[in-house]
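> Just passing along the structure, written as structure tokens.
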Amino acid sequence: MSASMPDHIHGPQDRERVPVHAGSSRASAAERLEELRERMADLCASAVDPLEITAGLEADGINDEAARGYGHPDVFAVAEDLFAGTPRRPPTPEATASPWRPTPWRHLVRGVLFGLPGLCYIVATPALTRTTADVLLVFSLLLSWTVSQGTAYLGYVRLGLGDKAAAARVLRYGLAAGALVVVPVTAATGIVLDAGTTATALAAGLGAYLLAAMVVQVNGGERRLLLAFLPGVAGVVVYLAAHGGSPPSDNADGTLETVPMGVWVAWLATLAATIALAVVCTSGAGRPTRRVVTGRDVAAALPFSVFGLLTGGLLTFTLLCAVAGRPVPAGSTTVAVLSLSLSMGVAEWILYAYRRRVYHLLRTHTDMPGFARAARVTLGSALARYMASLTALVTVSALIAGLPTSGATLRVLGGFVGLGGAFFLALVLQACGRVAVALTTCACALAAEVAAAWSVPRTEPGTIQMAVAGALFLILTIYAGRVLSRATPHR
């Protein structure tokens with residue numbers, strides 16, 4: 001027993017075994033203990049608890065009897081003394097490549113691809129003169145987002161496991177099954193709603209495009225997808241150039257001018273090229289040797305499909321309110337949704353950079369309080385960068401579109417900025433395995449918007465969305481700040 005340890009810790013039998021009566025024995029035991037500490041310095045400095053040192057001592061041949069020569073009654077006491085008297089110096093882990101490697105050009109191109117379909121809407125105004133046509137378009141978007149999100153999840157899981165053939169099979173069968181659901185259901189809904197032939201074809205084509213584009217992007221074919229967009233983009237550019245940069249407008253007799261057939265043919269060519277790319281990307285699927293998708297796969301993908309549905313509902317809330325005759329500033333929803341779509345590429349880039357930074361923090365921090373502080377700062381920095389990017393996109397888009405700086409317009413735009421921040425946090429939480437929280441909060445937000453619009457009909461939809469989006473953003477910020485400061489979600 002060391003001289004500094006109180007006698008009451010050990011029983012009488014221990015005091016008899018330890019030579020406390022001889023000063024020279026005390027000094028000899030202390031010297032031997034220091035020699036042992038120096039000899040076992042590496043083990044003591046890297047040990048996570050005294051038991052690890054105990055195992056090392058026993059492996060070195062030191063048992064309870066030998067421990068008495070170091071002034072302690074047993075080997076456990078020696079280990080505790082060595083552990084308490086040695087500062088922790090864990091070995092520096094070997095440098096390994098982070099699995100999170102941002103590819104800026106790819107992320108930014110994806111953002112552009114999210115926003116490019118909006119060009120079709122610029123010249124599609126004549127096909128959306130009926131209220132039911134707008135409803136059908138929103139319905140098609142929600143349905144295709146739901147199917148594509150779940151299919152993309154299953155494809156990414158198999159790619160993560162290194163099984164490209166299985167990923168190709170899942171994506172090809174998911175594309176086929178999704179098209180067999182989205183296109184006929186959209187067409188049938190268009191007939192029931194009497195949305196018009198052109199509007200129904202546009203909605204069905206948009207749903208098919210989103211499914212095919214998802215397959216191409218999961219396989220990393222962003223550059224080829226940009227080439228597929230050339231016919232449609234060229235058709236819009238030529239049309240706008242011939243009309244002085246103005247979208248379709250009312251004729252002198254009060255009717256809306258008709259879009260030339262060449263524009264529709266150009267977009268049809270883009271759709272066909274995108275579907276062809278999706279088929280080519282999954283050409284390595286081969287013949288399946290087992291079921292392509294099991295019940296467990298469907299259960300795992302369901303939360304991501306539901307998230308696609310919820311985000312679609314939150315994005316189109318003000319649009320549906322406008323369709324229902326509620327006061328929404330003209331063009332504000334279109335500008336906001338387009339800006340938010342473009343920002344998704346930036347969000348993906350920042351998300352990858354955030355995961356890379358946290359990976360580095362896990363390898364360099366040896367204490368949990370220090371890691372927690374650094375993780376919160378990293379999350380706050382990532383969120384601030386995304387919010388700044390989204391705000392800049394919304395501002396520039398509003399100026400280009402010439403939106404008035406009225407209070408109603410600013411509330412709509414501000415609501416979408418808050419919604420974008422909430423979506424970014426939800427994506428971070430999903431990437432870290434906190435899917436249920438993202439789903440629950442988004443579902444509650446959508447329910448709150450619908451309830452408020454129903455129970456308080458005189459309140460502007462923009463005001464409702466701004467309040468609900470702000471609350472959703474605040475809740476997810478607080479939750480993410482607490483949960484993502486721990487190490488376990490980042491494993």
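Note that the UniProt record's numbering has the sequence shown beginning at 1, numbered continuously upward. Even glycine gets a Cβ: it sits at the ideal position worked out from N, Cα and C.
(1) Anyone know if the C-beta pair for T274 and Y209 falls short of 8 Å?
(2) Report the three-state DSSP secondary structure of E460 (helix, strand or coil).
(3) Determine the extent of the alpha helix (DSSP H) in which L361 is found, giving its start and end residues.
(4) What is the residue span of the alpha helix (DSSP H) that D194 lies within?
(5) Please classify D163: does DSSP put it in a helix, a strand, or coil?
(6) Which one of S140, K164 and A168 has the shortest CA to CA distance from T189?
(7) Below 8 Å, can you find three or more Cβ-Cβ pairs linking the region 468-488 to the region 410-424?
(8) Just how far apart, CA to CA, sit S339 and I53?
(9) How close, in whole Å, do the beta carbons of A79 and P50 come, if the pair is a contact with beta carbons under 8 Å?
(10) Report the option in L425, M387, A187 and G462 whose CA atom is closest to the CA atom of C442.
(11) Among the candidates V237, A276, G160 and L154, whose CA atom is the shortest distance from the CA of A300?
(12) At what residues does the alpha helix (DSSP H) containing Y121 begin and finish?
(13) Looking at the secondary structure, which residues open and close the alpha helix (DSSP H) in which W100 lies?
(14) For the putative contact between L403 and G331, defined by C-beta atoms under 8 Å, what is the C-beta separation to the nearest angstrom?
(15) Confirm, please, whether the CB-CB distance from A179 to L143 is below 8 Å.
(16) How would you write the range of the alpha helix (DSSP H) that M235 sits in, first residue to last?
(17) So F307 and L429 are supposed to be a Cβ contact under 8 Å. How far apart are they, rounded?
(18) With three or more beta-carbon pairs closer than 8 Å as the criterion, would you say the region 215-234 touches the region 258-270?
(19) In three-state DSSP terms, what is M40?
(20) Suppose you measure from the CA of G313 to the CA of F229; what does that come to, to the nearest Å?
(21) Go to D74, then tell me how far its alpha helix (DSSP H) extends in each direction, as first and last residue.
(22) Counting pairs of Cβ atoms below 8 Å between the region 449-456 and the region 383-402, do you hit three or more?
(23) Let me know the secondary structure DSSP gives A212 once reduced to three states.
(24) Rounded to whole angstroms, what's the CA-CA distance from L484 to T364? Just pull it up for me.
(25) Using a threshold of 8 Å, state whether the C-beta atoms of V328 and D134 are closer than that.
(26) Count the CB pairs spanning the region 339-357 and the region 379-390 that are closer than 8 Å, and state whether there are at least three.
(27) Could you check what DSSP says for C432 in three-state terms: helix, strand or coil?
(28) So, for L302: in the same chain, excluding its five sequence neighbours on each side, which residues have a beta-carbon less than 8 Å away from its beta-carbon?
(29) With DSSP run on the structure shown, which of helix, strand or coil describes D81?
(30) Please list the terminal residues of the continuous alpha helix (DSSP H) segment that includes R385.
(31) At a threshold of 7 Å, does T316 count as lining the ligand NAP (C-beta to nearest heavy atom)?
(32) Looking only at its chain, what residues have a beta carbon closer than 8 Å to the beta carbon of D64, apart from the 5 residues adjacent to it on each side?
(33) Looking at the unbroken alpha helix (DSSP H) that takes in T294, where does it start and where does it end?
(34) Please report the straight-line C-alpha distance between A445 and A59, rounded to a whole angstrom.
(35) Can you tell me whether T316 is buried or exposed? The criterion is at least 16 other CB atoms within 10 Å of its CB, across all chains shown.
Straight from the coordinates:
(1) Taking the first residue of the sequence shown as 1, we reach residue 274 at position 274. Taking the first residue of the sequence shown as 1, we reach residue 209 at position 209. Yes, these two residues count as a Cβ contact at 8 Å.
(2) By one-based count along the sequence shown, residue 460 stands at place 460. Three-state DSSP puts E460 in coil, outside helix and strand.
(3) Within the sequence shown, numbered from 1, the residue matching residue 361 stands at position 361. Segment S332 to T364, the alpha helix (DSSP H) holding L361.
(4) Residue numbering aside, residue 194 sits at position 194 when the sequence shown is read from its first letter. Run containing D194: none; DSSP gives neither H nor E here.
(5) Within the sequence shown, numbered from 1, the residue matching residue 163 stands at position 163. It is coil, neither helix nor strand.
(6) What you label residue 189 is simply residue 189 of the sequence shown in a count that begins at 1. Taking only the C-alpha atoms, the option nearest T189 is S140.
(7) yes
(8) The residue given as residue 339 occupies position 339 in the sequence shown. The residue given as residue 53 occupies position 53 in the sequence shown. One C-alpha to the other measures close to 58 Å.
(9) For this step, residue 79 is matched to residue 79 along the sequence shown. For this step, residue 50 is matched to residue 50 along the sequence shown. At roughly 4 Å, the Cβ-Cβ gap stays under 8 Å, so A79 and P50 are in contact.
(10) Taking the sequence shown and counting its residues from 1, one reaches residue 442 at position 442. It is L425 whose Cα lies nearest to the Cα of C442.
(11) Indexing the sequence shown from 1 puts residue 300 at position 300. Of V237, A276, G160 and L154, the residue nearest in Cα terms is L154.
(12) As a working note, residue 121 is residue 121 in the sequence shown. Where Y121 is concerned, the enclosing alpha helix (DSSP H) stretches over G118 to V123.
(13) Walking along the sequence shown from the start, residue 100 turns up at place 100. Taken as a continuous stretch (DSSP letters only), W100 belongs to no alpha helix (DSSP H), as it is neither H nor E.
(14) Here residue 403 is taken as the residue at index 403 of the sequence shown, counted from 1. Here residue 331 is taken as the residue at index 331 of the sequence shown, counted from 1. Right, the Cβ-Cβ distance comes to about 6 Å (below 8 Å), so this counts as a contact.
(15) Counting from 1 along the sequence shown, the entry for residue 143 is found at position 143. Counting from 1 along the sequence shown, the entry for residue 179 is found at position 179. Result no, Cβ atoms of L143 and A179 do not sit closer than 8 Å.
(16) Here residue 235 refers to the residue found at position 235 when the sequence shown is read from its first residue. Looking at the sequence provided, one finds Gly at residue 235 rather than Met. That run of the alpha helix (DSSP H) goes E222 to A242.
(17) Counted from its first residue, the sequence shown places residue 307 at position 307. Counted from its first residue, the sequence shown places residue 429 at position 429. That pair is no contact at about 11 Å.
(18) yes
(19) Locating residue 40 in the sequence shown gives position 40, where the first residue counts as 1. In this structure, M40 counts as coil in the three-state DSSP scheme.
(20) Position 313 of the sequence shown, counted from the first residue, corresponds to residue 313. Position 229 of the sequence shown, counted from the first residue, corresponds to residue 229. Going from the Cα of G313 to the Cα of F229 covers about 26 Å.
(21) The residue you call residue 74 lines up with position 74 of the sequence shown. Unbroken run through D74: none, as it is neither H nor E.
(22) no
(23) For this step, residue 212 is matched to residue 212 along the sequence shown. A212 falls in the helix class under three-state DSSP.
(24) Against the sequence shown, residue 484 aligns to sequence position 484. Against the sequence shown, residue 364 aligns to sequence position 364. Looking at the two C-alpha atoms, the distance is approximately 17 Å.
(25) One-based indexing of the sequence shown puts residue 328 at position 328. One-based indexing of the sequence shown puts residue 134 at position 134. No, the Cβ-Cβ distance between V328 and D134 is not below 8 Å.
(26) yes
(27) The count along the sequence shown starts at 1 and reaches residue 432 at position 432. In the structure shown, C432 sits in coil (DSSP, three-state: anything other than H, G, I, E or B).
(28) In the sequence shown, residue 302 corresponds to position 302, counting from 1. Only G150 meet the Cβ criterion.
(29) Here residue 81 refers to the residue found at position 81 of the sequence shown. Note: D81 maps to helix in three-state DSSP.
(30) Looking up residue 385 in the sequence shown gives position 385. M368 to A401 is the span of the alpha helix (DSSP H), which, as asked, contains R385.
(31) As far as ligands go, the structure on display features none, and thus does not contain the ligand NAP.
(32) The sequence position of residue 64 within the sequence shown is 64, counting from 1. Taken in chain order, the residues that qualify are P73, D74 and V75.
(33) By 1-based counting over the sequence shown, the position of residue 294 is 294. No alpha helix (DSSP H) contains T294, which DSSP labels as neither H nor E.
(34) Stepping through the sequence shown from its first residue, residue 445 is reached at position 445. Stepping through the sequence shown from its first residue, residue 59 is reached at position 59. Using only the alpha carbons, I get a separation of about 60 Å.
(35) Here the question's residue 316 lines up with position 316 in the sequence shown. Classification of T316: buried, given that the 10 Å Cβ count is 16 or more.
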